[in-house]
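Enquirer: Quick note: the sequence shown uses the working numbering, first residue 34, plus one each step.
Backbone N, C-alpha and C fix where the C-beta goes; we use that ideal spot for every residue, glycine too.
This structure is a prediction, so every number in the text was calculated from the model and none was measured.
Take a look at this one; I'll ask things after.
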Amino acid sequence: MRDRLKVFGIDIIRGSVRSRSRRPMYALVRMDGGIIESETEVSMFRLFRMLSDEQPDILAVDSLQEIATDQHELFFFLQGLPPRTRLVQVTGGERKETLGKVAARYNISFNRFDPFAEARTTAQVASFGAGAEVIAFENESEIVVSRHRSPGKGGWSQNRYVRKMHGAVQLKGREIEMALVAAGLRYEKKETKAFGGCSRVAFRVFATRDQVPVSTYRGADVQVRIQGKRLDRIRFRPLSVRPRYLIVGIDPGTTTAFAALDLDGNLLHLESSRQMNMANIVEALYKVGKPLIIATDVQEMPYSVEKIRRAFSAIAFVPKQDVSVDTKMELTAPFPYANDHERDALSAALDAYRQYRHKFQNLLKRIPPGHDLDEVRARVIRGQSLDSVLGEMKVPVRETEVAEPAEAVTVPADSGKHDERVRVLDGMVKRLRTFVAELQEEIKAKDYEIRRLQARIRNIHTSRDAELAKNAEIVKRDAVIQSLKKQLHKEERHNRNLSKRLTRIKKFAELSMEGEVVPVKVMEALTRDGLRRLVEDSGIEEGDIVFVSRTDGWGRNIVRDLADMRVRAVVASSDALASGDPQMMRLFREAGVALLSDKQAGVQVRGKQGLAAKETLDAALMAWKGEQEKHEREKKTEMIENIFKEYKSERGKEVRKSG
Numbered sequence: 034m035r036d037r038l039k040v041f042g043i044d045i046i047r048g049s050v051r052s053r054s055r056r057p058m059y060a061l062v063r064m065d066g067g068i069i070e071s072e073t074e075v076s077m078f079r080l081f082r083m084l085s086d087e088q089p090d091i092l093a094v095d096s097l098q099e100i101a102t103d104q105h106e107l108f109f110f111l112q113g114l115p116p117r118t119r120l121v122q123v124t125g126g127e128r129k130e131t132l133g134k135v136a137a138r139y140n141i142s143f144n145r146f147d148p149f150a151e152a153r154t155t156a157q158v159a160s161f162g163a164g165a166e167v168i169a170f171e172n173e174s175e176i177v178v179s180r181h182r183s184p185g186k187g188g189w190s191q192n193r194y195v196r197k198m199h200g201a202v203q204l205k206g207r208e209i210e211m212a213l214v215a216a217g218l219r220y221e222k223k224e225t226k227a228f229g230g231c232s233r234v235a236f237r238v239f240a241t242r243d244q245v246p247v248s249t250y251r252g253a254d255v256q257v258r259i260q261g262k263r264l265d266r267i268r269f270r271p272l273s274v275r276p277r278y279l280i281v282g283i284d285p286g287t288t289t290a291f292a293a294l295d296l297d298g299n300l301l302h303l304e305s306s307r308q309m310n311m312a313n314i315v316e317a318l319y320k321v322g323k324p325l326i327i328a329t330d331v332q333e334m335p336y337s338v339e340k341i342r343r344a345f346s347a348i349a350f351v352p353k354q355d356v357s358v359d360t361k362m363e364l365t366a367p368f369p370y371a372n373d374h375e376r377d378a379l380s381a382a383l384d385a386y387r388q389y390r391h392k393f394q395n396l397l398k399r400i401p402p403g404h405d406l407d408e409v410r411a412r413v414i415r416g417q418s419l420d421s422v423l424g425e426m427k428v429p430v431r432e433t434e435v436a437e438p439a440e441a442v443t444v445p446a447d448s449g450k451h452d453e454r455v456r457v458l459d460g461m462v463k464r465l466r467t468f469v470a471e472l473q474e475e476i477k478a479k480d481y482e483i484r485r486l487q488a489r490i491r492n493i494h495t496s497r498d499a500e501l502a503k504n505a506e507i508v509k510r511d512a513v514i515q516s517l518k519k520q521l522h523k524e525e526r527h528n529r530n531l532s533k534r535l536t537r538i539k540k541f542a543e544l545s546m547e548g549e550v551v552p553v554k555v556m557e558a559l560t561r562d563g564l565r566r567l568v569e570d571s572g573i574e575e576g577d578i579v580f581v582s583r584t585d586g587w588g589r590n591i592v593r594d595l596a597d598m599r600v601r602a603v604v605a606s607s608d609a610l611a612s613g614d615p616q617m618m619r620l621f622r623e624a625g626v627a628l629l630s631d632k633q634a635g636v637q638v639r640g641k642q643g644l645a646a647k648e649t650l651d652a653a654l655m656a657w658k659g660e661q662e663k664h665e666r667e668k669k670t671e672m673i674e675n676i677f678k679e680y681k682s683e684r685g686k687e688v689r690k691s692g
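The following block contains the structure:
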């Protein structure tokens, strides 16, 4: 806000915002620093032009019905105001008063039938701090960057125009994003991708409109719209140009927290931080207002809180006994807080307000209109009587004539009161200087402590780095050891498998040397996988007898593989051969591999090994060999007969051709 308050006051002359035939005309009074600069008659359009050009601090009205018919139009009106211009209804917020009553508090009289007099009075009381600011938007803003024209119906150059527009939208969005980053604002971004760039870029900025460093823009290809996030309903915030009196609760410690309430019990500020010292708290409280009461939640006020209280010459409030946690939670239930420290500070402030609330309500009934209620309550709480306070307080008087701005302020010439004020200020300056000296000593002590702790941290870092380097070597060796252990376990498993295989091979060789029985190698299934597992487990040599547990899944390839290995015979169970494929016997005969049943070969199987009586096996092989020779003779005979038939057929064809 500027050093000099600039206020526009308006009042309707004729017409109405509800009428379509007679649009409203307003009496506009421009006031700068308490001096009336001009009075003129303007339309709504010209009013917005002047607001946009001059951007006053306050636009004051006596009734919102003069500028908007409903809440929707009021939102639209507020959206069109410059970001730094506040709309103030001088007759109050939820509870309204007449303009005459508000003006009487400041000893101002006016002709209520003259629109310019009402506009002048509206501007004056707004500059004194009367009325309530109209709040319609949350602490969020929306920025939308979009195309300013349509791509058109088509043509040779449509793609080029579309690419140009979308590229311009994307470029403008990046410029706005850089401005938000430079301003340190938190935001969310959403892009709508399109040919050549973006067709729309939307930003959700977590800040009010006056904090956003972006302006509404309309160019040839791009337009930028900025609007705040609407509240569910219009709110009102009392306007004040002087520091507000506060009830402050402080919770000191490693994490310091403080809460500030106004004299009506409304929460104005709640904050906690580990880096906050006493000077930071004093500075933050000066920004919020003027502490009248400083409270804690313990029976004995801590020394650090006492120093802050002395800095403001505030009234101390301590409970009769330490406040319990249940009481704190009950007091702070309607308010949000981030941690236990904020809860304790807020409960201390609320407890103090609860003690003074009845006294404030009694004073409210006894104070006549035209006096600053907070100032009266503050003086009474400090020990003055109500009569003396009302006698000392004077309502400021301002001349209403434009031609005599030099007499706009009347200052009472009471030298005694002036000297008393000077003595009070001198005492405050001395106390503040003492407090500053104490803070400087505290800063020196903390600086020394910081240097000591930094040296300790450096030593810890040095030893920690050496320990970490040592730990890194240990971790590296542990990883190597773990890898070698895994490799050792793998080799041990492989060794055990080889030992089992060697044992089976030795046993197979011993059985082969006995002569009365023949060892048989067992294959799980007549498939290539079964053959591969048998080779890995026991191996297959030329002349081996192989027993097959299952014949399902057999094929030509497995028969050919067994024939290539020169297996002496393949033995299968009688049931498997009976229910198996008839083609299997034919393929084994064509491959020259004996296929016998377990009953024919006399095979007995246990686990992965089996035995066959040598005499029974030889007899079965001789029988199969005889059948094989017979099969081959029949096959040769059939082949000769086929050749003879083919020759006879060809010869008959030649005889018939020759006649």
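Quickly, what does DSSP pair Glu-175 with across the bridge? List them, please.
Expert: Note: Glu-175 sits in a beta bridge opposite Arg-237 and Gln-260.
Enquirer: Using DSSP with H/G/I as helix, E/B as strand and the rest coil, what is Gly-217?
Expert: It is coil, neither helix nor strand.
Enquirer: Considering Cα atoms alone, identify which of Asp-330, Leu-301, Leu-325 and Val-626 is closest to Met-655.
Expert: Here the closest residue by C-alpha is Val-626.
Enquirer: As a quick exercise: from Ala-227, Ala-212 and Val-255, pick the residue whose alpha carbon is nearest that of Gln-244.
Expert: Checked all of Ala-227, Ala-212 and Val-255; the closest Cα to Gln-244 is Ala-212.
Enquirer: Beta-carbon within less than 6 Å of Leu-644's beta-carbon, same chain only, minus the 5 sequence neighbours each way: which residues are those?
Expert: If we look at Leu-644 and ignore the five residues flanking it on each side, its Cβ neighbours are Val-550 and Gln-637.
Enquirer: Which residues bound the beta strand (DSSP E) around Pro-352?
Expert: First-last for Pro-352: undefined, no H or E at that position.
Enquirer: Which same chain residues end up closer than 8 Å to Leu-301 when comparing Cβ atoms and leaving out the 5 residues on each side of it in sequence?
Expert: Cβ within range, chain order: Arg-277, Leu-279, Ala-293, Leu-294, Asp-295, Val-321 and Gly-322.
Enquirer: So if DSSP puts His-302 in a beta bridge, which residue, or which two residues, is it bridged to?
Expert: Partner(s): Ala-293.
Enquirer: Out of Thr-124, Ala-499, Lys-262 and Arg-258, point me to the one whose CA is closest to Phe-170's CA.
Expert: Minimum Cα distance to Phe-170 is reached at Lys-262.
Enquirer: Report all residues from its chain with a CB closer than 6 Å to the CB of Ile-91; omit the five preceding and five following residues, and keep chain order.
Expert: Answer for Ile-91: Val-40, Arg-119, Val-121 and Ala-159, listed in chain order.
Enquirer: Is the Cβ-Cβ distance between Val-150 and Asn-144 less than 9 Å?
Expert: The question names Val, but residue 150 in the sequence shown is Ala. Result yes, Cβ atoms of Ala-150 and Asn-144 sit closer than 9 Å.
Enquirer: Hey, would you say Leu-419 sits closer than 9 Å to Arg-399, going by beta carbons?
Expert: The answer is yes: Cβ separation under 9 Å.
Enquirer: Rounded to the nearest angstrom, what separates Asn-492 and Tyr-481 at their Cα positions?
Expert: Between Asn-492 and Tyr-481, the C-alpha separation is close to 17 Å.
Enquirer: Relative to the C-alpha of Lys-205, which residue among Tyr-220, Ile-176, Ala-366 and Gln-191 is closest?
Expert: Answer by Cα proximity: Ile-176.
Enquirer: Could you give the first and the last residue of the continuous alpha helix (DSSP H) run that contains Val-158?
Expert: Segment 148 to 161, the alpha helix (DSSP H) holding Val-158.
Enquirer: For Asp-447, name the three-state secondary structure that DSSP assigns.
Expert: Low confidence applies to Asp-447: its pLDDT is 48, below 50, so where it sits in the model is not reliable enough to give any reading.
Enquirer: Does DSSP put Tyr-370 in a helix, in a strand, or in coil?
Expert: The answer is coil: DSSP assigns Tyr-370 none of H, G, I, E or B.
Enquirer: Would you decide whether Ser-606 is buried or exposed? Buried here means 16 or more other CB atoms lie within 10 Å of its CB.
Expert: With 16 or more Cβ atoms within 10 Å of its Cβ, Ser-606 is classed as buried.
Enquirer: Taking only runs that begin and end inside the stretch 62 to 88, name each unbroken alpha helix (DSSP H) of 4 or more residues, in chain order.
Expert: As far as the stretch 62 to 88 is concerned, its whole alpha helix (DSSP H) runs of at least 4 residues are 77 to 87.
Enquirer: Can you find the residues in the same chain that come closer than 7 Å, C-beta to C-beta, to Ala-8, ignoring five residues on each side of it along the sequence?
Expert: Examination of residue 8 is not possible in this model, given that the chain is present from 34 through 692 alone.
Enquirer: Among the residues of its own chain, which have a CB less than 6 Å from the CB of Val-75, if the five just before and after it don't count?
Expert: For Val-75, where only same-chain residues beyond five positions count, the Cβ hits under 6 Å are Tyr-59 and Leu-61.
Enquirer: Helix, strand or coil: which one does DSSP assign to Leu-114?
Expert: Residue state, collapsed to three classes: coil.
Enquirer: Would Pro-116 and Thr-241 qualify as a contact pair, given that the criterion is a beta-carbon distance under 9 Å?
Expert: Going by C-beta atoms, Pro-116 is nearer than 9 Å to Thr-241.
Enquirer: If you follow the alpha helix (DSSP H) that Asp-359 is part of, which residue opens it and which one closes it?
Expert: 358 to 365 is the extent of the alpha helix (DSSP H) around Asp-359.
Enquirer: Output the distance between the C-alpha atoms of Glu-662 and Phe-677, rounded to the nearest integer angstrom.
Expert: Straight-line Cα distance between these residues: approximately 22 Å.
Enquirer: Taking just the CA atoms, how far does Val-50 sit from Thr-106?
Expert: The sequence given here places Glu at residue 106; Thr does not occur at that position. Taking the straight line from one Cα to the other gives about 10 Å.
Enquirer: To which residues of the same chain is Val-604 closer than 6 Å at the C-beta, ignoring the five residues directly before and after it?
Expert: So the list reads Phe-580, Leu-629, Asp-631, Ala-634 and Val-636, once near-sequence residues are dropped.
Enquirer: Looking at the structure shown, is Pro-276 part of a helix, part of a strand, or coil, going by DSSP?
Expert: If DSSP states are grouped into helix, strand and coil, Pro-276 belongs with coil.
Enquirer: Could you say which of Gly-282, Ser-496 and Ser-179 lies nearest to Ala-253 if we only look at CA atoms?
Expert: For Ala-253, the nearest C-alpha among the options comes from Ser-179.
Enquirer: Using the Cα positions of Glu-316 and Glu-87, report the straight-line distance between them to the nearest angstrom.
Expert: Cα to Cα, the separation comes out at about 32 Å.
Enquirer: Suppose you measure from the CA of Glu-575 to the CA of Leu-595; what does that come to, to the nearest Å?
Expert: Approximately 10 Å between the Cα atoms of the pair.
Enquirer: I'd like the list of long-range same chain contacts for Glu-99, defined as Cβ closer than 6 Å, with 5 residues on each side in sequence excluded.
Expert: So the list reads Ile-45, once near-sequence residues are dropped.
Enquirer: If we ignore side chains and look at the alpha-carbon of each, how far apart do Gln-256 and Gly-230 end up?
Expert: Using only the alpha carbons, I get a separation of about 15 Å.
Enquirer: May I ask which residues mark the beginning and end of the alpha helix (DSSP H) holding Asp-420?
Expert: Start and end: 419 to 425.
Enquirer: Exposed or buried, which one is Ala-381 when buried takes at least 16 other CB atoms within 10 Å?
Expert: Buried is the call here.
Enquirer: Between the C-alpha atoms of Lys-226 and Arg-233, what's the straight-line distance to the nearest angstrom?
Expert: Rounded to whole angstroms, Lys-226 to Arg-233 spans 8 Å at the Cα level.
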